[in-house]
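Chains as they are written, first to last, in the working numbering: chain V, 2 to 198; chain C, 126 to 527. Virtual Cβ for every residue (Gly too), placed ideally from N, Cα, C.
So this is what it looks like as structure tokens:
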């Protein structure tokens with residue numbers, strides 16, 4: 002994926018962030034993402050994100066697990082290798098239930114974790130551009146993509162007017178990539194402003 | 126904001142009509158169910174319904190206790206609803222106590238075979254259990270449990286009403302939290318030792334006196350707890366539909382729906398655990414309980430029970446949209462309550478009445494109890510404002526977001 006140009010606004014308080022998100026959306030700018038140090042209730046609605054379909058995926062993985070467990074055990078114990086276990090029938094459904102349950106849980110859990118990682122673009126050894134080093138600490142970071150309908154200067158002024166404390170411009174790769182941060186300097190056209198600590 | 130509930134005439138009429146049906150069924154039953162066998166069915170129906178509805182009403186007190194101890198804030202907005210339902214415990218407890226005393230001290234052993242001294246003498250198993258299954262122990266345990274339940278439900282309700290008269294201050298808030306936690310802690314211990322342990326063994330499991338299962342009380346608890354949650358949801362929806370509880374919305378309903386969903390699965394977990402261990406071990410003294418239910422006349426009821434209480438809630442309540450839909454939750458809540466009523470039906474009847482009858486009598490009595498419950502809860506709701514206005518978590522409940 003090609004690198005894109007972003008305007009990054011940094012907020013100190015979620016009470017400022019919320020109206021700012023609404024105003025930025027109303028003004029028609031394209032919000033790339035908002036990074037917060039903790040889950041902010043209602044932010045997804047304010048940003049206009051659609052409902053996740055992760056649970057549907059979970060259901061599909063779950064019934065896949067149920068079917069796998071039941072069909073495999075039925076096949077093994079009735080036709081492939083029937084065993085006499087304590088005089089029980091060859092198709093002892095109650096004895097299959099715990100394993101079926103476990104496999105349903107296993108499939109849906111593992112499947113949902115992997116789907117979640119894919120949707121959020123998270124994976125071991127995979128790198129993503131960090132717009133502000135304090136976005137996981139105590140800052141709320143709103144990232145606006147500069148499209149061909151908007152220009153960076155205008156967005157910067159707008160962000161300042163809605164209360165962003167620290168505003169800068171970055172050119173970054175929006176997707177994920179394999180590699181090391183120190184080798185990927187070419188992705189950064191402008192480094193984030195130094196922290197005032 | 127409508128904060129003071131006024132009982133509508135229509136609801137009052139409904140409750141009286143249902144209670145009338147109950148009394149009429151009782152009278153018809155008295156006449157129609159004649160003879161030794163009929164008397165057994167007569168008493169089994171009363172026992173099934175009075176136990177079920179008492180434990181369902183008590184589940185509301187458990188809801189208050191559990192959410193208070195967990196420092197939950199989301200339920201405060203409708204806390205007066207479980208409080209009002211729990212106020213049915215003194216009445217229903219009284220009814221059940223009278224029924225149990227008649228069954229234990231009556232002339233005939235209609236339901237409990239262990240009350241017949243002559244019978245116990247020739248029965249090695251029952252004489253071995255006679256310390257537990259004796260009239261003295263049964264009565265003492267019943268008096269203590271029902272007494273403690275009445276004490277704690279009244280206490281929790283009175284505390285909540287008293288707090289409305291206090292002044293709003295941080296000091297008040299701390300005091301409310303502290304004393305509610307202390308009393309709810311006490312109640313949870315009592316509840317765990319009664320509903321979670323001994324009480325269902327005495328009242329219901331001793332119908333099949335030779336048989337025993339340590340899962341039985343948990344199973345009964347799960348059954349009544351999920352029905353209790355459904356009942357809370359029904360009253361919340363009723364109030365909401367009539368313009369009350371304006372600060373309760375889909376978010377609260379969603380959480381109640383999640384509880385109904387989760388505890389339907391929990392019930393199934395216990396249903397299966399009890400069944401599977403007995404099926405696996407395959408010992409005659411244990412399988413005798415399941416023989417009439419799974420391989421006898423009760424087979425359709427046994428599997429209908431599983432469909433209504435597990436498969437339907439699982440599939441229907443799985444979707445987020447269903448849990449946030451007032452109409453859908455109403456129908457599913459009624460379905461769950463009926464399902465667990467049926468569960469109690471198949472717990473009580475095969476050991477006492479034995480053959481499967483069309484349950485016109487039991488269902489009619491059940492409607493009577495529903496009417497009584499509606500009558501009590503409506504009157505209790507009308508007694509106090511619907512918001513516990515001094516509770517420190519009220520705001521948390523109003524802004525609750527799932």
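Residue-chain proximity (residue 404 (chain C), chain V), Cβ-Cβ < 8 Å: So yes, residue 404 (chain C) belongs to the interface.
Contact under 8 Å by Cβ, residue 348 (chain C) with residue 465 (chain C): Yes, the Cβ-Cβ distance between residue 348 (chain C) and residue 465 (chain C) is below 8 Å.
Residue 72 (chain V) classed as buried or exposed, judged by whether at least 16 other C-beta atoms fall within 10 angstroms: Classification of residue 72 (chain V): exposed, given that the 10 Å Cβ count is below 16.
Cα-Cα separation, residue 264 (chain C) to residue 326 (chain C): If I take the Cα positions, the gap works out to 13 Å.
Unbroken beta strand (DSSP E) run spanning residue 9 (chain V), endpoints: For residue 9 (chain V), the enclosing beta strand (DSSP E) begins and ends at 5-12.
Proximity below 8 Å, CB of residue 143 (chain V) to CB of residue 18 (chain V): Yes.
Straight-line Cα distance separating residue 511 (chain C) from residue 205 (chain C): Approximately 6 Å between the Cα atoms of the pair.
Contacts of residue 427 (chain C) in chain V (Cβ-Cβ under 9 Å): In chain order: nothing, as chain V lies at least about 13 Å away.
Option in C:214, C:236 and C:175 with minimal Cα separation from residue 604 (chain C): Limits of chain C in this structure are 126 at one end and 527 at the other, which puts residue 604 (chain C) out of reach.
Continuous beta strand (DSSP E) stretch holding residue 170 (chain V): start and end: Unbroken beta strand (DSSP E) run through residue 170 (chain V): 167-173.
Test: residue 476 (chain C) CB closer than 8 Å to a CB of chain V: Chain V, which has no Cβ nearer than 8 Å to the Cβ of residue 476 (chain C), makes this no.
Heavy atom of the ligand FAD within 7 Å of residue 400 (chain C) beta-carbon: For the structure depicted, the ligand FAD is absent and the ligand set is empty, with no information on it obtainable.
Within chain C, the residues that residue 98 (chain V) reaches when beta carbons sit closer than 8 Å: Those are 397 and 401, listed as they occur along chain C.
Closest by C-alpha distance to residue 270 (chain C), when choosing among C:402, C:315 and C:346: By alpha-carbon distance to residue 270 (chain C), the top candidate from C:402, C:315 and C:346 is C:315.
Extent of the continuous alpha helix (DSSP H) to which residue 224 (chain C) belongs: Element bounds for residue 224 (chain C): 214-230.
DSSP state of residue 178 (chain V) mapped onto helix, strand, coil: Strand.
Cβ pair residue 525 (chain C), residue 377 (chain C) closer than 8 Å: In this structure, the beta-carbon distance from residue 525 (chain C) to residue 377 (chain C) falls below 8 Å.
Of the listed residues V:21, V:159, V:41 and V:66, nearest to residue 137 (chain V) (C-alpha basis): If we check each option's Cα against that of residue 137 (chain V), V:41 comes out closest.
Stretch-stretch touch, CB-based, cutoff 8 Å, three pairs: the stretch 470-478 of chain C with the stretch 396-405 of chain C: Touching, no.
Residue-chain proximity (residue 175 (chain V), chain C), Cβ-Cβ < 8 Å: For residue 175 (chain V), the answer is no, since every Cβ of chain C falls outside 8 Å of its Cβ.
Rounded straight-line distance, which links the Cα of residue 520 (chain C) to that of residue 455 (chain C): Separation of residue 455 (chain C) and residue 520 (chain C) (C-alpha to C-alpha, rounded to the nearest whole angstrom) is 26 Å.
contact_flag[the stretch 295-306 of chain C, the stretch 208-227 of chain C] where n(CB pairs < 8 Å) is 3 or more: With the cut-off at 8 Å, the stretch 295-306 of chain C and the stretch 208-227 of chain C do not touch.
Close-in-space but distant-in-sequence residues of the same chain around residue 27 (chain V) (CB under 7 Å, 5 per side omitted): Within its own chain, no residue has a Cβ closer than 7 Å to the Cβ of residue 27 (chain V) once the five positions on either side in sequence are excluded.
Proximity below 8 Å, CB of residue 190 (chain C) to CB of residue 312 (chain C): If you check the CB distance, residue 190 (chain C) and residue 312 (chain C) come in under 8 Å.
Residues that residue 95 (chain V) contacts on chain C, provided the C-beta gap is smaller than 9 Å: Going along chain C in sequence order, the residues near residue 95 (chain V) (Cβ under 9 Å) are 397, 400, 401, 404 and 405.
Simplified DSSP state of residue 34 (chain V), which is helix, strand or coil: Residue state, collapsed to three classes: strand.
N-terminal and C-terminal residue of the alpha helix (DSSP H) that residue 143 (chain V) is part of: Residue 143 (chain V) -> not in any alpha helix (DSSP H); beta strand (DSSP E) instead, spanning 141-146.
Validate contact between the stretch 178-188 of chain C and the stretch 144-160 of chain C using beta carbons, cut 8 Å, 3 pairs: Not touching, per the Cβ criterion.
Close beta carbons around residue 1 (chain V), own chain, < 8 Å, minus the five adjacent residues each side: Given that chain V is displayed from residue 2 to residue 198, the structure contains no residue 1 (chain V) and the question cannot be resolved.
CB contact below 8 Å: residue 526 (chain C) versus chain V: Yes, residue 526 (chain C) lies at the interface with chain V (some Cβ there is under 8 Å from its Cβ).
Residue 66 (chain V) at chain C interface by Cβ criterion, 8 Å: Contact with chain C is absent for residue 66 (chain V), since none of that chain's Cβ atoms lies less than 8 Å from the residue's Cβ.
Residue 103 (chain V) versus residue 322 (chain C) - alpha carbon distance: Roughly 28 Å separates the two Cα atoms.
Within chain C, partners of residue 42 (chain V) - CB distance below 8 Å: Residues of chain C passing the Cβ test: 526.
Environment of residue 277 (chain C) [buried if 16+ CB atoms lie within 10 Å]: Buried: at least 16 other Cβ atoms inside 10 Å.
Inter-residue spacing [alpha-carbon to alpha-carbon] between residue 319 (chain C) and residue 342 (chain C): Cα to Cα, the separation comes out at about 9 Å.
Beta-carbon separation (whole angstroms), residue 169 (chain C) vs residue 477 (chain C), contact threshold 8 Å: Indeed they touch by this definition, with Cβ atoms about 4 Å apart.
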